[in-house]
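Chains as they are written, first to last, in this note's numbering: chain A, 1 to 220; chain B, 1001 to 1229.
Below is one structure, written out as structure tokens; the observations come after it.
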Amino acid sequence: MIEDTQKLQLLPGKRILVLGPSGCGKSSLLKHIAGFESGIPVKAPEAGSAALLMQNPFYQIIMQDVQDELMFPQKNAAVPAQEAEENIAAVTEILGIAQLAEREIASLSFGEVQLVMIAATFLTPADVYLLDEPSSHLDPPLISAFHRLAQYFAEKNKCICISSQIADEYRYCDEIWLMEQGSVREVLSREAFQHERRKRGILSEADLIRGRLRELGRQQ
Amino acid sequence: MKILSFHYRIAEGKILQNAAEINLKNRRCIGILGPVGSGKSMLIKLLADKALRDAAAYSEYPFCAYLSQDLTRLFTGNTPQSILELYADKRYTVGKHFDRSLFNDYARRMRIESLIGEKRRLASYSEGERQRLGICLAAAVKAPVCILDEATTALDTQSRFNLFGIMEEIRTRARIFMISHRLADCLYVCDYLIHMENLNIREHYPIQEIVEKKNILSYYLPQSEDEDV
Chain A
1 MIEDTQKLQL
11 LPGKRILVLG
21 PSGCGKSSLL
31 KHIAGFESGI
41 PVKAPEAGSA
51 ALLMQNPFYQ
61 IIMQDVQDEL
71 MFPQKNAAVP
81 AQEAEENIAA
91 VTEILGIAQL
101 AEREIASLSF
111 GEVQLVMIAA
121 TFLTPADVYL
131 LDEPSSHLDP
141 PLISAFHRLA
151 QYFAEKNKCI
161 CISSQIADEY
171 RYCDEIWLME
181 QGSVREVLSR
191 EAFQHERRKR
201 GILSEADLIR
211 GRLRELGRQQ
Chain B
1001 MKILSFHYRI
1011 AEGKILQNAA
1021 EINLKNRRCI
1031 GILGPVGSGK
1041 SMLIKLLADK
1051 ALRDAAAYSE
1061 YPFCAYLSQD
1071 LTRLFTGNTP
1081 QSILELYADK
1091 RYTVGKHFDR
1101 SLFNDYARRM
1111 RIESLIGEKR
1121 RLASYSEGER
1131 QRLGICLAAA
1141 VKAPVCILDE
1151 ATTALDTQSR
1161 FNLFGIMEEI
1171 RTRARIFMIS
1181 HRLADCLYVC
1191 DYLIHMENLN
1201 IREHYPIQEI
1211 VEKKNILSYY
1221 LPQSEDEDV
């Protein structure tokens, strides 16, 4: 269960990173906040209306074409057509996927599907956006693009809560929730996490790459 | 083994190609890098998928152990027990090459041993648990070529290093092709890299040369704010 629930708050304009090893309960926490899962012993903070992107983006595809998939959540929420088109244009431009709009989803690569489903999630009108490892199939430039989109919605007073295995993403977030064995053990600010992470042995991708490059450089 | 020069039409206007022959003699673990949508998975599907054999992209076409990027189809409706029975079925090619005791060893090393006996459907496992199971299944298939397509997307650092250890072992008996958008994966286990861009093989080189590839390093290693902490 989550200890010290007082500290877990999904506030407007905040970006939260849920970090922890495989199987520690990140997905369960997000599903629980979204109201999808009950009967699990976590006490989630109150969320307003929430949109959830699950870890495997293929589970949530509904339409055949990218454009229809991006239109669907907005049609469902009765967003006027003109406004819906403008929303799609804004979101796809930030993610750099405008050129995918005419494609069939079946023709996309895994990473491209993940980008389309990130866009579809943010196009669902909500107060809180929950994304479960949204960057797992993205490379670093696309991870930055994803966080530019998250920032765009944070500036519109939305709360964005993402999970990740990649510690590097902390630099885009305001709060880091450290999970272990089914509970959030600690809530750190970005600055506190940056200061603490090496002491706690939390390695970033950049640490791994630089360390290995030094070894390879010596071998040469 | 060689990757031959080839043109392969995927769809209207989409052609996967390689201009020159690539000799993989003495290369045991080949990493495939490139942006999202650059054709990485398609390149190794030419090796793994019998239906794509006519592309004639490789000099030999041996039987492969293949871990697909999308595990949804593999696991739908299955329990760990039912999928293990399927893998061990000697009527199929995979069954003839599947080594159950090797699987048990890998399952222990990937820390999913306790999940194997459970009766739950795989749909209720976490992505990371399913990915680790998929790795152990593919790794325990003894084939001349082993393909791992984005095998680390749901793994934490500890599990990744456990996988690297298993790969060190596989490479002594099989040639590995690995796709990962996490450069660290390739740096730790590969001895050769193939770089894809816009459905083309752009570059290929021994791993040690990556330290000089500034464009690739800056792609994967954006300037970070705590670099010198």
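Glycine included, C-beta positions come from ideal geometry on N, C-alpha and C.
- Close partners of HIS137 of chain A in chain B (Cβ separation under 9 Å): VAL1036, GLN1069, GLU1150, THR1153 and HIS1181.
- Of A:MET63, A:ALA106, A:MET71 and A:LEU53, the smallest CA-CA separation from SER27 of chain A is found for A:LEU53.
- Distance between MET1178 of chain B and ASP207 of chain A, taken at the CA atoms: about 21 Å.
- Secondary structure note for PHE146 of chain A: its alpha helix (DSSP H) is the uninterrupted segment 140-154.
- In the displayed model, CYS1186 of chain B falls within a helix according to three-state DSSP.
- Annotated as distal: GLY1117 of chain B and ALA1154 of chain B, with beta-carbon spacing of 8 Å or more.
- Our two residues, ALA1011 of chain B and ILE105 of chain A, have alpha carbons roughly 14 Å apart in a direct line.
- Excluding its 5 nearest sequence neighbours in each direction, LYS158 of chain A has C-beta neighbours in its own chain below 8 Å: PRO12, GLY13, ALA126, ASP127, VAL128 and TYR129, listed in chain order.
- Scanning its chain for C-beta atoms nearer than 8 Å, with the 5 sequence neighbours on each side dropped, one finds around ILE1207 of chain B the residues GLY1031, CYS1186, LEU1187, CYS1190, ASP1191, TYR1192 and LEU1193, in chain order.
- DSSP places GLY201 of chain A in the coil class of the three-state scheme, outside both helix and strand.
- With respect to ALA47 of chain A, VAL91 of chain A sits apart: the two C-beta atoms are not nearer than 8 Å.
- Every beta strand (DSSP E) stretch that sits fully inside the segment 65-152 of chain A and reaches 3 residues is listed by chain position as 128-131.
- If you look at TYR1106 of chain B, you'll find it in the alpha helix (DSSP H) that goes 1100-1109.
- The residue from A:THR121, A:ALA167 and A:CYS161 with its alpha-carbon nearest to that of ASN87 of chain A is A:THR121.
- No Cβ-Cβ contact shorter than 8 Å links SER22 of chain A with GLY1037 of chain B.
- Using a Cβ-Cβ cut-off of 8 Å, SER183 of chain A does not count as an interface residue toward chain B, since no Cβ of chain B sits closer than that to its own.
- In the DSSP assignment, PRO1206 of chain B falls within the beta strand (DSSP E) that extends over 1200-1206.
- Contact note: GLU112 of chain A reaches chain B through VAL1036 and GLY1037, using a C-beta cutoff of 9 Å and chain order.
- Near chain A, meaning a CB-to-CB distance below 7 Å, the residues of the segment 1028-1062 of chain B are PRO1035, VAL1036, GLY1037 and SER1041.
- Secondary structure of GLU1012 of chain B (DSSP, three-state): coil.
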